[in-house]
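Below: one structure, written as structure tokens.
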Amino acid sequence: MPIGYLSLVLHAHLPFVRHPEHPEFLEEDWLYEAITEVYLPLIFVFQNLHEMNASPRLAMNVSPPLCEMLSDPLLQERYTRHLENLLTLSEKEIERTKRDAPEFQPVARMYFETLSAAHHLWTTRYQRNLVRAFRELQEEGVLEIMTCCATHGFLPLISTHEARRAQIEVAVQNYRKHFGRSPRGIWLAECAYEPGVEDLLKDAGIEYFISDTHGILYGEPRPRYGVYAPVRCPNGVAVFARDLETSQQVWSSMVGYPGHPDYREFYRDLGWDAPLDYLLPHLHAGGERRHLGLKYHRITGRDVSQQDKQPYNPEAARHRAAEHASDFIHKRIEQARHLIESFDGRPPIVCSPYDAELYGHWWFEGPQFIDFLFRKLHWDTDDIEAVSPGDVLDSGMAIQTQQPSASSWGEEGYYKVWLNELNSWMYPHQHAAEARMTELANRHASAEGILRRALNQAARELLLAQSSDWAFQIYQGTTVEYATKRFRSHIRRFDAIVKEIEGGAIDEGRLAEMEWRDNIFAEIDYRVYRS
Amino acid sequence: MPFFFPGSSELVITQETPSPAVVDKLAELSADEPLPESYDLDRISLLAQSPRRIYLYWELARDPFEPLQRVFGQRDGYRLAVRLTDMDSEATTLHEASGTRSQWFDVQPDRAYMAELGLYSPGRPFIRLLASNTRRTPRASVSLHTEQAEQWQVTAEQFSRVLDDAGYVSDALEVALEAADEATNNAATRAITRRLAPASLPPMSEEELAELRGVLTALAFGMPWGNLRPMLSQDLATWFDRFGADGAQLDPARITEVLHSTLGIEMTRSPFEAPPEAARRRAARVIVGASEVNLPSRPFHLWMPSMTERQVRRQSAE
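The listed protein sequences derive, respectively, from chains A and B.
Counted the way the numbering used here counts, the first sequence spans residues 1 to 531.
Counted the way the numbering used here counts, the second sequence spans residues 532 to 849.
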């Protein structure tokens, strides 16, 4: 009998970055780098663990926009090109380092080997479709795949009941399309919750969601077991809240594992270090430098300048990841021993949610850490058992009923990141579109033909405008121009379609092009917006 | 929210070579120009940003002064104003409306608010033009209520440990004070305050005592008095003013020392080492790459011995 449970939750999401109108587009690289560095390595680790009977078990959200991109033929084709280009470069790198920089040889070889393996997984094992890979892992009992708000819409800042409901319903529908069953849990975008959201979830058949720590700690009445047991909203939907200790161990740039000097340095990249003419065949047509993902240095030390970073040693980093996995488990055992005592023998459940992209992209050794973590959980200890939130609910354990508190996992714990002086201008436009969408859906109870297509496309444009990613990027000051442009484009496209619908004359050519560009959710039915 | 890293089309212009098969019918809709300023609607909407801040925006399809001009030939001293109502207490405040058609308001946690846009002239009735939705601000602290069913009952002392274990240390301290008050028939917080202040405390309701516990906790965690004062109820603010809140007696080190000597509360790391602004709740904003997730500072472990009435009485008598 374990003394504690660990429920690891990975949230994999990227905004819908698909630009068929350009032959190559920098923001699409977000997806390609995430596939190379995060999704393929994680899938590889999980599949291996499963095949060696290590019984890995965790929950993972693969957001609807990510599922749509991963199963999109154009992006699959472009990623294949991207990966092959990188593989060619890594092969060249073996020669170059052998000749000019032998201290980097082992790293160059590592990239060539991992990229070759990635290429095999991508083209042969999964035939370019990673949604299939995630689906298999769910069917094998490794993953419990959760859904997310349809376009990562920030529910408390969506103005109408119908538009909030659409974020949930469209997501559930899309999940069924990709995973052939209904989701049990949902990752609310940014863990943003306010009372009432649970009613939408219940109507959609969702059993649980993840909240930030104070979602439960500040709930009413006081939670007997804090965040170390789920609670149920008065309507029965369960809530698992984030454990801060495990968050800090992995997230923190000060005390977290990823900052260790042995680990790979993120900011030194071949794309900026190598001579431009050498790189040219591997850059976009404009020939501008960019991150290529081939990084040869280790963090070395907190105050070490970029110029003084030392060569990366893959073997040393791997040992460090194993050591950190042991430390993580050791700390869970200590935590569980401490908690079980004050819980009258009831084993605590530690819910540890992370952005999946932390593992592999920001923390290169993250997938190895997860690999070691599950091996050690399986073979080295009986004290801690890995579970999914659904497993906890299935166990039949008694769960306290509580009204959780409004919260998010962003800075300061509420909605400031997505509503502030820099991005508040977005909401009057978004809200106007939300109200109009429901008016239109009510007015056209059963549209057919081109009208139906136009209404469906209006729904897509609204959903894309609602992605919380745009407001986040504008607040963060990163890629502000792109985020602003994306938001404006979707609102303008929405307005244009609505004007045409109301005027009774739909430009089919223009509609077709919108459908071609913003092709997310082929299955959408605009009637989801009816009141 | 994780993945946005250096390298973006805003920095680099990619070569655009549209496929010849595609006529770009969307060019005019993709132009990077501002969106329309208005939608010819009468609307008003209230959004919560945080427990203490709400955002209001509105739009009027017509000039609101036009009927006044028509009837009186002039605006007759009227100005556009926002009347904000705390729906729980029904208290209202009047604010001159911003020319930007949007406005931020400082408010209280866990209260319901409603805003009205209208015309106001001193000494005359407020003419309402638009009324917003009602929006409840998020809670900023733990609930005061515990479960009735025995299975889920949690004493204040247990809950303080639960909060401490979860890393919500300032809340843990606040609830630890509540536990001490429970054990001493509300003598503990008063005893601490007496040690800090020369003036005697007036009689207090349960809610006021809870507020006082919150104030002591915030001060112990280094929140500057100037930031705290506007959040307090009038009576408590006046009382603190009377004995000179700016004085050294409210120094976090002094409060920590009094908490220790009066109630035996130990902290393995002094709370006043936390960044003062964030100390009310959680401290550090930790950034790994572009990802940003809210994290507490390194946990301070509160250690609180079981408190007895006798112990507090003894301390209070000193």
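For glycine and all other residues, C-beta sits at the position ideal for the given N, C-alpha and C.
These figures come from a predicted structure and were not determined experimentally.
Please list, in chain order, the chain A residues whose beta carbon lies closer than 9 Å to that of residue i.
{"i": "B/Arg670", "result": "His214, Tyr218, Gly219, Glu220, Ser405, Ala406 and Ser407"}
{"i": "B/Glu590", "result": "Pro428 and Ala432"}
{"i": "B/Val613", "result": "Residues of chain A passing the Cβ test: none, with the nearest at roughly 16 Å."}
Does chain B have any CB closer than 8 Å to the CB of residue i?
{"i": "A/Arg492", "result": "yes"}
{"i": "A/Ser159", "result": "yes"}
{"i": "A/Arg488", "result": "yes"}
{"i": "A/Ala465", "result": "no"}
{"i": "A/Tyr5", "result": "no"}
{"i": "A/Lys92", "result": "no"}
{"i": "A/Ala432", "result": "yes"}
{"i": "A/Leu419", "result": "yes"}
{"i": "A/Val227", "result": "yes"}
{"i": "A/Glu515", "result": "no"}
{"i": "A/Ser352", "result": "no"}
{"i": "A/Lys376", "result": "no"}
{"i": "A/Lys331", "result": "no"}
{"i": "A/Lys295", "result": "no"}
{"i": "A/Tyr32", "result": "no"}
{"i": "A/Tyr312", "result": "no"}
{"i": "A/Tyr263", "result": "no"}
{"i": "A/Tyr415", "result": "yes"}
Are any of the Cβ atoms in chain A nearer than 8 Å to that of residue i?
{"i": "B/Arg816", "result": "Interpretation of B/Arg816 is limited by its pLDDT of 26, a score under 50 that renders its predicted location unreliable; the figure taken from the coordinates is listed afterwards. True, the Cβ-Cβ gap to chain A drops below 8 Å."}
{"i": "B/Ala728", "result": "no"}
{"i": "B/Asp637", "result": "no"}
{"i": "B/Leu578", "result": "yes"}
{"i": "B/Ser620", "result": "no"}
{"i": "B/Tyr644", "result": "no"}
{"i": "B/Ser663", "result": "no"}
{"i": "B/Tyr609", "result": "no"}
{"i": "B/Ser674", "result": "yes"}
{"i": "B/Pro807", "result": "Note that B/Pro807 scores a pLDDT of 38, beneath 50, so its modelled location is shaky; the value from the coordinates is reported in the next line. Not closer than 8 Å to any Cβ of chain A, the Cβ of B/Pro807 fails to qualify, so no."}
What is the residue span of the beta strand (DSSP E) that residue i lies within?
{"i": "B/Arg584", "result": "Arg584 to Glu590"}
{"i": "A/Met426", "result": "From DSSP, A/Met426 is part of no beta strand (DSSP E) but of the alpha helix (DSSP H) over Met426 to Arg443."}
{"i": "B/Glu647", "result": "Ala643 to Tyr651"}
{"i": "A/Trp187", "result": "Gly185 to Trp187"}
{"i": "A/Arg222", "result": "That residue, A/Arg222, is in no beta strand (DSSP E); it is neither H nor E in DSSP."}
{"i": "A/Ser211", "result": "Tyr208 to Ser211"}
{"i": "B/Trp635", "result": "Ser633 to Asp637"}
{"i": "B/His626", "result": "Ala622 to Glu627"}
{"i": "B/Asp617", "result": "Arg610 to Asp617"}
Using a C-beta to C-beta distance shorter than 7 Å, which residues of chain B count as neighbours of residue i?
{"i": "A/His429", "result": "Leu566"}
{"i": "A/Ser395", "result": "Residues of chain B passing the Cβ test: none, with the nearest at roughly 16 Å."}
{"i": "A/Leu339", "result": "Asp696"}
{"i": "A/Tyr111", "result": "Those do not exist, as A/Tyr111 stays about 18 Å from chain B at its closest Cβ, beyond 7 Å."}
Closer than 9 Å by beta-carbon distance: list the chain B residues that pair up with residue i, in chain order.
{"i": "A/Arg224", "result": "Thr677, Glu678, Gln682, Trp683, Gln684, Val685, Gln689, Phe690 and Val693"}
Just to make sure I have the definition right: I need the residues of chain A whose C-beta is within less than 7 Å of the C-beta of residue i. Which are they?
{"i": "B/Tyr882", "result": "Limits of chain B in this structure are 532 at one end and 849 at the other, which puts residue 882 of chain B out of reach."}
{"i": "B/Tyr586", "result": "Leu419 and Ser424"}
{"i": "B/Ser633", "result": "Ser424"}
The alpha helix (DSSP H) spanning residue i covers which residue range?
{"i": "A/Tyr79", "result": "Pro73 to Asp100"}
{"i": "A/Leu276", "result": "Leu276 to Leu279"}
{"i": "B/Thr770", "result": "As written in the sequence, residue 770 of chain B is Trp, which differs from the Thr given in the question. Segment Gln765 to Arg773, the alpha helix (DSSP H) holding B/Trp770."}
{"i": "A/Arg271", "result": "The sequence given here places Gly at residue 271 of chain A; Arg does not occur at that position. Element bounds for A/Gly271: Leu270 to Asp273."}
Residues of chain B with CB under 8 Å from residue i, in chain order?
{"i": "A/Ser342", "result": "Gln689, Arg692, Val693 and Asp696"}
{"i": "A/Ala398", "result": "Gln682"}
(request) Please list the residues of the segment 194-215 of chain A that have a C-beta atom closer than 9 Å to any C-beta atom in chain B, keeping them in chain order. (result) Glu194, Pro195, Asp212, Thr213 and His214
(message) Quick check on the DSSP output: what are the complete alpha helix (DSSP H) runs of length 4 or more inside the segment 331-388 of chain A, in order along the chain?
(response) 366-379
(message) Give me the subset of the segment 698-729 of chain B whose CB atoms are less than 8 Å from a CB atom of chain A, sorted by chain position.
(response) Gly698, Tyr699 and Asp702
(message) Along the segment 237-256 of chain A, where does the CB come closer than 8 Å to a CB of chain B? Name the residues.
(response) Asp243, Leu244, Glu245, Ser247, Gln248, Trp251, Ser252, Ser253, Met254, Val255 and Gly256
(request) Report the residue ranges of all beta strand (DSSP E) runs contained in full by the segment 649-693 of chain B; include only those spanning at least 3 residues, in chain order. (result) 658-667
(message) Extract the residue ranges of the beta strand (DSSP E) inside the segment 108-192 of chain A, only unbroken runs of 3 or more that lie entirely within it.
(response) 143-148 and 185-187
(request) Note down, one range per segment and in chain order, each beta strand (DSSP E) of at least 3 residues found wholly within the segment 19-65 of chain A. (result) 58-62
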